[in-house]
Structures are given as structure tokens and as C-alpha cells.
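Visitor:
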């Protein structure tokens, strides 16, 4: 997930909102909410083993999702007495991130967890780490060269769209709605991750005989989410369902909906922010569900780095080594199951 998005305060309906994005990269103050400590695995793998040093590099925590990435990584590392966690200064500057990773290579860490600002541009330094005998755990934004990393772990953007499409499709079918007006608010339309989300959404809707009526991108910011939603609401006097790709920009989307006094439709969000979960839990919002792209993947990346550095496998698998690729499923959060997901939510 990569883009450069400004974060700034603006006024909507008397409240100051902060522009944020699930994939933005401009530095601001880190949100104050702490990430929940990941639950330890029920296996002997969590028993103290060989001491390992795990280096960690990620973009600047300029919004809820990235801030939660860093906090989840740190929380996971603190679980283990045999892990020395070495994070470098988070940055949105490509050259600075390359230099930071090079410093970890020079320090001869046992393993590296890297969420690159740009997988293509950091591919070479990741390859250098691998060639130096340091296993690289590639988090989310993938390096194009498989020789650059030992294991990749990340979310399923296409799966997000599929999950949202199935939820909307089933709800509309169950209500007997024909020829529904379905509106889609994307993040940044030119990004592959956004295109994957939109394709999954369209493919899932197609199985119900539905299609997207209108879509527009909102740049992963609260401000643009607000203006885009207001525009779509004005253009469509009746809407049956809406999918907003990103819960951070969804703060602005929901503000526009409330300002317009519209409630004839239901909405699905994306990523799984705490704000969105509380809206769903209230039962009074048009937001009825959100599909996950959870920053807990960073905690899992630290656990995988530890296992790989200690030459262990995953205890529930037959194989002796950690898999080369792990894609996390996108789960659908509704009022019926939101209690289970609240501890994993992140502040927008």
C-alpha cells in the first residue's frame, strides 16, 4: 500500500476532522491509542530460545493504519525475552529508508522486517540483506524480486473487494432489490491495490447480477472522502448500497452522509478501524459492516522473523520451515461479531 497523502484538520458539521489515509505517507503525530498485545501461540515455539535481533523498518506513522503497524510490531517483540527489537527511525523518504536498512545490515541483525515505502525502490537493499545472510520478512508492500525476501506476509486487497461485494450482494438479494444503485468510493484509483479492491468488488457483485453504478476515488483522506461523498449523494437522489474502501477516509464520508441527512442506504467500510467498529456496534449508523485489512500483520511478521531466525517452523504445519508467502484473509465485521474484533481495531 503506497501513496503520498497530506493529513490536515478541517471543519465538517462543526467538528474538526483530520485527513488520514489507510495508505498515506506524510508524517504527523502518532495516534495515542496503544495496539493490543497479540495473543501468544499455543505451542512450544513461544518458549525462550536462541537470542535473536530483529530489525524493523517502516514508513512514518502518519495515520491510524501505519501507526498501528509499528505498535503491533513492538508489542509482539515485547512478548519474547529472546528478542532484541531494533526499529529504525520511520521515514517516508526512500533514500532515508534505504540508509536505515543498510545500517541494520551493517549491525548484522538476525532478521529484518521491512514494510517498504516502495517495494520496487527498496528491492535492491532488501536483496543486499538477503545476500548478507539476513532473512528478510517483507511486510505488505511486496518486493518485485522473490530473491529479495525470505517470506512475504500481507493483506488481500482483491479479497477485501470480494468480501464487500458478497456482503452487499446478499443484503440486496435478501431485501428483494432489483437494479440497485451501488456507489463505490475508492482510495487512489491509479494504485494497483485500489484496482485490486475494485476488481474483487465487481467480480463478487456480478455473481448476484449486480454492478457498480458510480465510483470515484477519495485519495485516502478524510477531507476528500467528505467532498466525494457529498458529490455522489447530490448526484444520486436514491442509493441502495455504498462501499468505501478505507475507514480512515470513511470519517469524512460518514460526516457527509450525516450532513445530508441520508439514511435510505447501507454502507460497508474497509480496513477495520476502531471508529468504524463503534459505528457498526451502535446500530444507528448507515455503516453496517467493514472488511478487514488488519495492521496485526506486523505482529505476525515479527513472530515469523523470530521463528525463521531461530530456524523453527510453524508448529501447526507439517513442514519444518515457515512458508514463503502468507496472505491474510479479509474478514467481514458486522454488529453480530464486532465484539470479537474490537481489540484489534486501530484509531483513525
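In full-length UniProt numbering, the protein residues as written are 1 to 348.
The C-beta atom is built at its ideal place from N, Cα and C for all residues, glycine as well.
Around the Cβ of residue 203, are there at least 16 other Cβ atoms within 10 angstroms (buried) or fewer (exposed)?
Guide: Flag for residue 203 reads exposed.
Visitor: How many angstroms separate the CA atom of residue 69 from the CA atom of residue 339?
Guide: So the alpha carbons of these two residues sit roughly 21 angstroms apart.
Visitor: According to the Cβ coordinates, are residue 290 and residue 272 closer than 9 angstroms?
Guide: Taking 9 angstroms as the Cβ cut-off, residue 290 and residue 272 qualify as a contacting pair.
Visitor: Mapping DSSP to helix, strand and coil, what is residue 269?
Guide: In this structure, residue 269 counts as strand in the three-state DSSP scheme.
Visitor: Report the start-end ranges of each beta strand (DSSP E) in the stretch 56 to 109 that is 3 residues or longer and not cut off at the edges.
Guide: 83 to 87, all fully within the stretch 56 to 109.
Visitor: Count the other C-beta atoms from every protein chain shown that fall within 10 angstroms of the C-beta of residue 186, then say buried if there are 16 or more, exposed otherwise.
Guide: Answer is buried; the Cβ neighbour count reaches 16.
Visitor: Could you tell me if residue 24 is buried or exposed, where buried requires 16 or more neighbouring beta carbons within 10 angstroms of its beta carbon?
Guide: Per-residue confidence for residue 24 stands at a pLDDT of 37, beneath the threshold of 50, marking its modelled position as unreliable; no derived number is given.
Visitor: Where does residue 332 sit, in a helix, a strand or coil, going by DSSP?
Guide: Strand, per DSSP.
Visitor: Rounded to the nearest angstrom, how far is the Cβ of residue 113 from that of residue 86, given a contact under 8 angstroms?
Guide: That pair is no contact at about 10 angstroms.
Visitor: Is the stretch 241 to 257 in contact with the stretch 214 to 225, if contact means three or more CB pairs nearer than 8 angstroms?
Guide: Yes, since at least three Cβ pairs between the stretch 241 to 257 and the stretch 214 to 225 fall closer than 8 angstroms, the two stretches touch.
Visitor: Taking Cβ positions, are residue 153 and residue 304 nearer each other than 9 angstroms?
Guide: Yes.
Visitor: Residue ranges of each beta strand (DSSP E) run of no fewer than 3 residues wholly in the stretch 99 to 159, ordered along the chain?
Guide: Here the runs fully enclosed are 111 to 114, 136 to 139 and 151 to 154.
Visitor: What residue ranges within the stretch 195 to 236 form continuous alpha helix (DSSP H) runs of no fewer than 4 residues, ordered along the chain?
Guide: Runs of the alpha helix (DSSP H) inside the stretch 195 to 236: 222 to 235.
Visitor: For residue 124, tell me which candidate among 151, 94, 266 and 107 has the shortest Cα-Cα distance.
Guide: Checking every option, the nearest Cα to that of residue 124 belongs to 94.
Visitor: Identify, in the order they occur along the chain, each residue of the same chain with its Cβ nearer than 7 angstroms to the Cβ of residue 76, setting aside the five sequence neighbours on each side.
Guide: Only 38, 299, 302 and 303 meet the Cβ criterion.
Visitor: For residue 328 versus residue 200, is the C-beta spacing smaller than 9 angstroms?
Guide: Result no, Cβ atoms of residue 328 and residue 200 do not sit closer than 9 angstroms.
Visitor: Taking the CB atoms as reference points, tell me whether residue 160 and residue 293 lie closer together than 9 angstroms.
Guide: It is a contact, given that the beta carbons lie within the stated cut-off.
Visitor: In chain order, what residues of the same chain lie with their CB nearer than 7 angstroms to the CB of residue 120, ignoring the 5 residues before and after it?
Guide: 144, listed in sequence order.
Visitor: Looking at C-alpha atoms only, which residue of 213, 140, 189 and 190 is the closest neighbour of residue 179?
Guide: Checking every option, the nearest Cα to that of residue 179 belongs to 213.
Visitor: Short of 6 angstroms in beta carbon distance, which residues of its chain neighbour residue 157, apart from the five on each side in sequence? Order them along the chain.
Guide: Correct list, in chain order: 193, 196 and 197.
Visitor: From the DSSP output, in three-state form, read off residue 264 for me.
Guide: Reduced to three states, the DSSP call for residue 264 is coil.
Visitor: How would you call residue 228, buried or exposed, if buried means at least 16 neighbouring beta carbons within 10 angstroms?
Guide: Its Cβ being crowded by 16 or more others within 10 Å, residue 228 is buried.
Visitor: If you follow the beta strand (DSSP E) that residue 183 is in, where does it begin and where does it stop?
Guide: 182 to 186 is the span of the beta strand (DSSP E), which, as asked, contains residue 183.
Visitor: Can you name the residues that DSSP bridges to residue 242?
Guide: According to DSSP, which records beta bridges pairwise, residue 242 is partnered with 183 and 267.
Visitor: On the premise that residue 309 lies in contact with residue 111, defined as a C-beta separation below 8 angstroms, what is that separation, rounded to the nearest angstrom?
Guide: That belief holds up - the Cβ atoms of residue 111 and residue 309 are roughly 4 angstroms apart, short of 8 angstroms.
Visitor: Based on DSSP bridge pairs, tell me the residues matched to residue 54.
Guide: Note: residue 54 sits in a beta bridge opposite 85 and 111.
Visitor: Is it true that the CB of residue 163 sits closer than 9 angstroms to the CB of residue 296?
Guide: The answer is no: Cβ separation not under 9 angstroms.
Visitor: How many Å lie between residue 216 and residue 189 at the Cα?
Guide: Each residue's Cα considered, the two are about 8 angstroms apart.
Visitor: Kindly list the residues whose CB is nearer than 6 angstroms to the CB of residue 29, restricted to its own chain and excluding five residues on each side of it in sequence; keep chain order.
Guide: Because the pLDDT of residue 29 is 36, which lies under 50, any placement of that residue in the model is unreliable, and the number read from its coordinates should be weighed accordingly. No residues qualify anywhere along the chain.
Visitor: Measuring only the C-alpha atoms, how far is residue 345 from residue 131?
Guide: Roughly 37 angstroms between the two C-alpha positions.
Visitor: With H, G and I counted as helix, E and B as strand and the rest as coil, what does DSSP make of residue 286?
Guide: Looking at residue 286 - three-state DSSP - the assignment turns out to be coil, as it is neither helix nor strand.
Visitor: Mark residue 174 as exposed unless 16 or more other C-beta atoms lie within 10 angstroms of its C-beta, in which case mark it buried.
Guide: The residue in question, residue 174, is exposed, as its Cβ has fewer than 16 Cβ neighbours within 10 Å.
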